[in-house]
DNA sequence: CCGAATCCTTATTGATACTG
DNA sequence: CAGTATCAATAAGGATTCGG
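Chains as they are written, first to last, in the working numbering: chain A, 70 to 299; chain B, 70 to 299.
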């Protein structure tokens with residue numbers, strides 16, 4: 070689309086020449102959540118079309134934002150990884166994703182898979198957390214069930230139900246939406262009221278707080294940046 | 070381009086549906102530097118084509134990011150203005166523009182108009198400045214001449230030469246590039262060595278520091294954000 | 001002159017089929 | 001699994017025209 074680019078001597082135009090094409094930034098976003106195979110990307114980017122994915126990956130590699138890596142045997146599959154340069158887009162992507170949050174409507178039940186929402190959340194999840202925490206929570210939203218482990222500053226997700234969870238949270242789509250998108254710092258408490266909790270309530274509350282954290286922090290940072298723009 | 074959008078329940082995809090089209094973010098960037106008429110935008114966005122500009126402005130208005138305003142007589146012209154929502158993109162735009170800086174090559178002499186470079190710089194210029202400063206400097210880069218006034222936290226630019234300037238800086242394109250893009254905090258001192266200065270050296274140095282400021286601050290913020298990603 | 005709307009050509013995309 | 005190839009549908013680029 071930007072075949073011969075914006076021909077402007079402007080760093081924003083330069084950036085857009087590199088990542089301004091349709092789908093490109095979404096691919097970068099996906100790769101920020103970890104290395105992925107071609108088919109993983111296809112799956113996580115519904116609607117992209119295999120030719121476009123291939124084309125974008127090629128350009129991203131030429132631009133030095135992405136690299137192909139071959140996993141050691143027995144996996145022996147090739148994955149795409151963001152380079153250091155590509156990782157440099159993290160603040161931008163987070164800031165843009167945060168801005169977009171204000172336009173999101175509560176989803177229809179079933180429209181959304183919790184797993185994807187929490188996965189994306191995990192990108193914005195930072196290091197500002199208690200290093201001693203080690204929580205394993207089963208989260209079920211309108212029947213859609215995943216396991217989330219928070220260990221210090223690392224969040225990992227697994228599918229299906231967990232026998233060893235410290236807490237089980239069951240909640241409806243709307244409440245989940247409220248917890249995640251609300252800039253209020255008591256959104257987690259509110260979500261807890263709406264939820265059915267099994268197991269350690271303390272752990273459950275901490276988990277909901279963690280899921281809300283990115284939004285709160287991002288807003289604070291955005292305000293600060295806006296107040297004294299760079 | 071994104072006619073029926075990415076159909077993903079994802080705030081980044083939502084953002085891109087609004088500002089992901091070609092030219093759109095550049096238009097927003099322009100408007101961040103102040104209200105502009107249709108023809109001003111055409112001029113500042115070389116290559117856009119009048120039909121596209123019209124189409125983008127229409128979409129941006131529908132999306133609530135831009136509004137049309139009619140200036141009071143005798144100006145009586147209509148200008149486009151960013152709404153509060155549109156202004157919310159400021160941190161994103163600054164972060165993306167900062168990221169792109171690493172790919173910029175020193176321009177050919179004459180390729181670039183100082184005025185445009187400094188104009189864009191003024192967007193990133195923030196409030197972290199000495200409120201007592203009131204400097205008026207004439208800056209000439211390879212013969213291209215503008216006047217810059219810094220008064221507290223406000224930077225204004227005017228064309229042509231100034232009789233009343235406190236200092237006159239004359240420098241080549243390459244040195245100007247170095248001052249602006251260098252993350253080193255002594256870039257300004259370096260630039261001063263390369264320059265011919267007439268008038269108050271203290272004022273000249275402060276001006277070069279100010280032009281370098283955005284880059285330095287932006288990098289510091291990016292590092293911080295990357296370290297504890299939102 | 002400003003602020004577009006129209007027409008036409010080229011480039012990019014989206015969807016699907018196909019291959020090593 | 002990891003892409004290519006094909007092709008119709010769209011969007012962008014460029015020139016010109018039009019109304020106030």
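Quick reminder that beta carbons are idealized off the backbone N, C-alpha and C, glycines included.
- Secondary structure at residue 219 (chain B): strand, using DSSP grouped into helix, strand and coil.
- A Cβ-Cβ separation of about 7 Å places residue 114 (chain B) in contact with residue 96 (chain B) under the 8 Å criterion.
- Contact annotation: the stretch 175-182 of chain A does not touch the stretch 152-165 of chain A, with fewer than three C-beta pairs closer than 8 Å.
- Along the stretch 158-187 of chain B, the positions whose C-beta sits under 9 Å from a C-beta of chain A are 158, 159, 160, 161, 162, 163, 164, 165, 166, 167, 168, 169, 170, 171, 172, 173, 176, 180, 181, 182, 185, 186, read in chain order.
- As the crow flies, the alpha-carbon of residue 232 (chain B) is around 24 Å from that of residue 257 (chain B).
- Below the 8 Å Cβ cutoff, chain A contributes 95, 169 as neighbours of residue 82 (chain B), in chain order.
- In the structure shown, residue 96 (chain A) adopts helical secondary structure according to DSSP, grouped into three states.
- With contacts defined by Cβ atoms closer than 8 Å, residue 106 (chain B) and residue 146 (chain B) form a contacting pair.
- Sequence-ordered contacts of the stretch 104-116 of chain A with chain B read 115, 116 [C-beta pairs closer than 7 Å].
- Under the three-pair Cβ rule at 8 Å, the stretch 215-231 of chain B does not count as touching the stretch 241-259 of chain B.
- For residue 149 (chain A), there is no enclosing alpha helix (DSSP H); the residue is found in the beta strand (DSSP E) stretching over 147-151.
- If you compare the alpha carbons of A:248, A:216, A:251, A:224 with that of residue 237 (chain A), the shortest gap goes to A:216.
- Out of B:242, B:280, B:272, B:239, the CA that lies nearest to the CA of residue 254 (chain B) is found in B:280.
- Taking a Cβ-Cβ threshold of 9 Å, the residues of chain B close to residue 76 (chain A) are 115, 116, in chain order.
- Using a Cβ-Cβ distance cut-off of 8 Å, the stretch 180-191 of chain A and the stretch 202-220 of chain A are in contact, since at least three pairs of beta carbons, one from each stretch, lie closer than that value.
- Here residue 292 (chain B) is exposed, its C-beta having fewer than 16 other C-beta atoms within 10 Å.
- Under the Cβ distance rule, residue 85 (chain B) counts among the residues neighbouring chain A, one pair being separated by less than 8 Å.
- At a cut-off of 8 Å between C-beta atoms, residue 220 (chain B) does not count as an interface residue with respect to chain A.
- Taken through DSSP and simplified to helix, strand or coil, residue 258 (chain A) comes out as helix.
- Below 8 Å, enough C-beta pairs join the stretch 235-251 of chain B and the stretch 270-286 of chain B to call them touching: three or more.
- Residue contact check for residue 89 (chain A) against chain B: a CB pair falls below 8 Å.
- In this structure, residue 205 (chain B) places its C-beta atom within 8 Å of the C-beta atom of residue 234 (chain B).
- When only Cα atoms are considered, residue 134 (chain B) and residue 167 (chain A) end up about 16 Å apart.
- What residue 190 (chain B) touches in chain A, judged by beta-carbon distance under 8 Å, is nothing: the nearest beta carbon there is about 10 Å away.
- Under a 10 Å Cβ-count criterion, residue 164 (chain B) is classified as buried, with 16 or more other Cβ atoms of the shown protein chains found around its own Cβ.
- A direct Cα-to-Cα measurement between residue 119 (chain A) and residue 111 (chain A) gives close to 7 Å.
- The C-beta distance from residue 244 (chain B) to residue 169 (chain A) rounds to 40 Å, too long to fall under 8 Å, and the pair is not in contact.
- For secondary structure counted as the beta strand (DSSP E) over 3 or more consecutive residues, the stretch 119-204 of chain B holds these complete runs in sequence order: 135-139, 147-151.
- Here residue 121 (chain B) is near residue 92 (chain B), since their CB atoms are less than 8 Å apart.
- Within 10 angstroms of the beta-carbon of residue 223 (chain B) lie fewer than 16 other beta-carbons, which makes it exposed.
- Secondary structure of residue 91 (chain A) (DSSP, three-state): coil.
- By the criterion of a C-beta distance shorter than 6 Å, residue 94 (chain B) is surrounded in its chain by 88, once the five residues flanking it on both sides are discounted.
- Leaving aside the five residues that flank residue 203 (chain A) on each side, the residues in its chain whose CB is nearer than 6 Å to its CB run, in chain order, 220.
- Under the rule that a run must span 3 or more residues, the beta strand (DSSP E) segments found entirely inside the stretch 264-289 of chain B read 265-268.
- Residue pairing by DSSP places residue 236 (chain B) opposite B:206, B:268 in a beta bridge.
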